[in-house]
Amino acid sequence: MIYETRVYRCLPGRLPALLKRFETITLKLWEKHGIKQAGFFTTLVGESNQELTYLLAWESLAEREKKWTAFQSDPEWITARAKTEEDGQIVLNIVNQLLVPTSFSSVK
């Protein structure tokens, strides 16, 4: 397995809009495209409380490329994303990493 960590830093006050978009729109589209999430987290203590961190689980880099590209180019996603940003931009920046478990990891 390959795990992808994605951290979305929101503009001030926009985290609730991002959480709502994931809960009501994004996760349904991920299901449609076969994208598997492995957890979502907000920051309790850290540099910023305006962050959403989540993990995705992939069988391979090829699977990630195929499914993520299909999701990003889905007209339903493009329309929904634009609609949720009618009141302004939500995400300031995104940082992601692709990770592989070590031999001693409890997650494989």
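Taking the UniProt record's numbering, the leading residue of the sequence shown gets 1, the next gets one more, and so forth.
Every residue, glycine too, gets a C-beta built ideally from N, C-alpha and C.
Under a Cβ-count criterion, where at least 16 other Cβ atoms within 10 Å of its own Cβ denotes burial, should residue i be classed as buried or exposed?
i	result
ILE78	exposed
THR26	buried
LEU44	exposed
How about residue i and residue j: do their beta carbons lie closer than 8 angstroms?
i	j	result
PRO12	GLN72	no
ILE94	ARG14	no
ARG64	GLU4	yes
Going by Cα to Cα distance, which pick from the options is closest to residue i?
i	options	result
GLY88	CYS10, THR26 and PHE22	CYS10
LEU52	ASN96, LYS108, VAL100 and TYR3	ASN96
LEU92	ILE35, SER103, SER48 and PHE40	SER48
TYR8	SER103, VAL100, GLU86 and THR42	THR42
Determine the extent of the beta strand (DSSP E) in which residue i is found, giving its start and end residues.
i	result
ILE94	91 to 99
THR42	36 to 42
THR53	51 to 58
Roughly how far, in whole angstroms, is the beta-carbon of residue i from the beta-carbon of residue j, given that I think they are within contact range, below 8 angstroms?
i	j	result
TRP58	MET1	7 angstroms
ILE90	LEU29	So it is not a contact: roughly 16 angstroms between Cβ atoms.
ALA38	LEU55	4 angstroms
HIS33	ALA70	5 angstroms
Just curious, the alpha helix (DSSP H) that residue i is in, first and last residue?
i	result
LEU11	LEU11 -> no alpha helix (DSSP H), and no H or E assigned at all.
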